[in-house]
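Heads up: the sequence lines are chains A and B, in that order. Those letters in the first sequence? Residues -1 to 254, per the numbering used here, in order. Those letters in the second sequence? Residues 507 to 769, per the numbering used here, in order. A short write-up of the structure that comes next.
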Amino acid sequence: MTDATAGTSSADPIIRIEAVNKWYGSFQVLTDINLQVQAGERIVVCGPSGSGKSTLIRCINRLEVVQKGRIVVDGIDLTAGGKNVDSVRQEVGMVFQQFNLFPHLTILQNCTLAPMRSRGISQEEAETIAMKYLTRVRIPEQANKYPSQLSGGQQQRVAIARALCMTPKIMLFDEPTSALDPELVKEVLDTMIGLAEDGMTMLCVTHEMGFARSVADRVIFMADGKIIEQAPPQQFFGNPQNEKTRQFLGQILTNH
Amino acid sequence: MPPILISLTSFGAAETRRHGQLWFTYLAHAAGVQGVEVREELLVDADAEIPLIAAAVRDAGMAAVYSCPAPLWLPDGTLNQPALVQALTYAAQLGANRLKFAIGHYGPGAHPDSLPALQRTLAPTSIELVIENDQTVSAGTVPALQAFFAAADAHGLPLGMTFDMGNWHWNGECPLQAAEAFASRVVYVHCKGVQRLPAKWVAVPLSESAAPWRAVLRALPSDVPWAIEYPLIGDDLLAVTTHESKHLRAVASAQANATTHNP
């Protein structure tokens, strides 16, 4: 199905990744990736640095293109090109390690910019939506400040609110707490837990294994551009099957 | 009553680098504290930042301490002269009256000329070098520091100490016994609560500490500066910082009153 307006039925996966391979020059960064994500599913992707996990989720809103295979998001075939990309990007919110807020815009303006430009809604409506989501991430009082006046944790919560203002069906998180001091991680994870509890489809690249344990429906471990292992958290942490997974968990759980 | 300072690492390393120590110096002043400890490891561009922080500190009538993360002794037993000289320069630019170091790798293998070299380097400056107990065995245990201070005393170099009440826990030392051992040379206190997680110690506000911090403070000189060095976190950082500084001031006041009534 390649129609940009297609959508999926409740039984279809909202994300289908089929036999995806990707190269940077001669270096293969993703190898034979197959993954299906159901609507409402919460997935944590973990793995060592350079394993391809960030590249994988960046492919889901086509920040990265793949050379081989197929990615279908909410019924839209991303690998078909054209206007499909814009359609998918309106359905998929993304939060990055660096918060990427516009420093010269207020928090409220950061949140209203995309809905006004790409959805064409009025400023008044955009501001109403923005305040709703700033309230949801518990910082409505910061609306008229600038990013430089906020802590990293607050800026990341704004980034989440900004993504939510586009009313996405899927949220992608690429190491959203990696740039934060340990003490500020919890406020961002709590916000993400709230989203998960509300049924948002989420894919999150993170090393926060406590978050994976308590929130994820499925944990995926990647190494060398491949999905090595995937399982519900109880099984993943309690009885990892692959030696590489065991090594990774041994290191990361010791360091945390 | 001890002056209350804030070690600027309290706001978190990433946060402090992101906003800059000048930003947090203004915040500390607004929160009513009397000084800041500027951290070399959190300066992004020391040559640009230090003069601005110095001006802010001076204009606010605050005190400044300069903290250098480098070890004062290198692994080969020599004095880390380059780091010391650089830090003295920055401390002077900052207008700091104290420069804080940990002894690093000082021990039985220290070079015989290293303490005299330290003495020579410090002689022309009015900045006071203060030695902190850190979280390492070589520079944060009671025996290591007792040996160092004894050797320094023997060379006619009576150095003051920054007593970090939380760091002792990282080395399995008792902070109360350490307070008794070092009280006479303590000139500056780092106030830090601690909690034990399954695999590590973490710094927390005093009010959440698992350690006997009130008893430790009572065992130390009552008139030396106290610096907050535990995480200050919250959506309203000014309110959080103000609250914590008031809390410390109240503790100091209660301690002073108790001393007055029970001399």
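Glycine included, every Cβ here is placed at the ideal spot set by N, Cα and C. Quantities reported herein were computed from a predicted structural model and do not represent experimental measurements.
Item, Value
"In whole angstroms, what separates the C-alpha of residue 167/A from that of residue 89/A?", "5 Å"
"Which of helix, strand or coil does DSSP assign to residue 136/A?", "coil"
"Please state the DSSP three-state secondary structure of residue 205/A.", "coil"
"Taking the alpha helix (DSSP H) that residue 535/B belongs to, which residues open and close that run?", "527 to 536"
"Taking the straight line between their C-alpha atoms, what separation do you get for residue 211/A and residue 82/A?", "34 Å"
"Roughly how many angstroms lie between the CA atoms of residue 70/A and residue 43/A, to the nearest whole one?", "19 Å"
"Using 8 Å as the limit for Cβ to Cβ distance, is residue 235/A near chain B?", "no"
"Kindly list, in the order they appear in chain B, the residues whose Cβ is closer than 7 Å to that of residue 181/A.", "518, 737 and 739"
"Looking only at C-alpha atoms, which of 735/B, 754/B, 733/B and 550/B sits nearest to residue 720/B?", "754/B"
"Specify the secondary structure class of residue -1/A as computed by DSSP and reduced to three states.", "With a pLDDT of only 34 at residue -1/A, under 50, the local geometry of the prediction cannot be trusted, and the value read off the model is given with reservation. Residue -1/A falls in the coil class under three-state DSSP."
"With residue 596/B as the anchor, note down where its alpha helix (DSSP H) starts and where it stops.", "587 to 600"
"Name the two residues that bound the continuous beta strand (DSSP E) containing residue 171/A.", "168 to 172"
"Kindly indicate which three-state DSSP category residue 607/B falls into: helix, strand or coil?", "strand"
"Just to confirm, are residue 584/B and residue 617/B a CB contact at a threshold of 8 Å?", "yes"
"Give the residues of chain B in contact with residue 178/A, contact being defined as C-beta atoms less than 7 Å apart.", "520"
"Cβ of residue 743/B less than 8 Å from any chain A Cβ?", "yes"
"Any beta carbon from chain B within less than 8 Å of residue 137/A's own beta carbon?", "yes"
"Measure the C-alpha to C-alpha separation of residue 520/B and residue 159/A and round it to an integer number of angstroms.", "22 Å"
"So residue 737/B and residue 518/B are in contact, right, with Cβ under 8 Å, and what is the actual spacing, rounded?", "7 Å"
"How is the beta strand (DSSP E) around residue 465/B delimited, first residue to last?", "This structure leaves residue 465/B out entirely; chain B is present only between 507 and 769."
"In this structure, what does DSSP give as the bridge partners for residue 668/B?", "638/B and 694/B"
"May I ask you to list the residues that DSSP assigns as paired with residue 308/A?", "Summary: the structure shown does not reach residue 308/A, with chain A confined to residues -1 through 254, and so no result is reported for it."
"Starting from residue 115/A, follow the alpha helix (DSSP H) in both directions and report where the run begins and ends.", "105 to 116"
"If you reduce the DSSP assignment to three classes, tell me which class residue 183/A lands in.", "helix"
"Go to residue 627/B, then tell me how far its alpha helix (DSSP H) extends in each direction, as first and last residue.", "620 to 628"
"Does the stretch 109 to 116 of chain A come within contact of the stretch 143 to 151 of chain A, defined as at least 3 CB pairs closer than 8 Å?", "no"
"Listed in chain order, which residues of the stretch 520 to 554 of chain B have Cβ atoms closer than 8 Å to some Cβ of chain A?", "520, 521, 524 and 525"
"With 9 Å as the C-beta to C-beta threshold (strictly closer), list the residues of the stretch 32 to 49 of chain A near chain B in chain order.", "none"
"Does the stretch 11 to 31 of chain A come into contact with the stretch 180 to 194 of chain A, if we say contact requires no fewer than three beta-carbon pairs (one atom in each stretch) closer than 8 Å?", "no"
"With respect to the beta strand (DSSP E) encompassing residue 679/B, which residues constitute its N-terminal and C-terminal limits?", "Careful: residue 679/B lies outside any beta strand (DSSP E) and carries neither H nor E."
"Just reading off the beta strand (DSSP E) that residue 91/A is part of, what are its end residues?", "90 to 93"
"Determine contact between the stretch 585 to 594 of chain B and the stretch 734 to 752 of chain B, defined as no fewer than three beta-carbon pairs at a distance below 8 Å.", "no"
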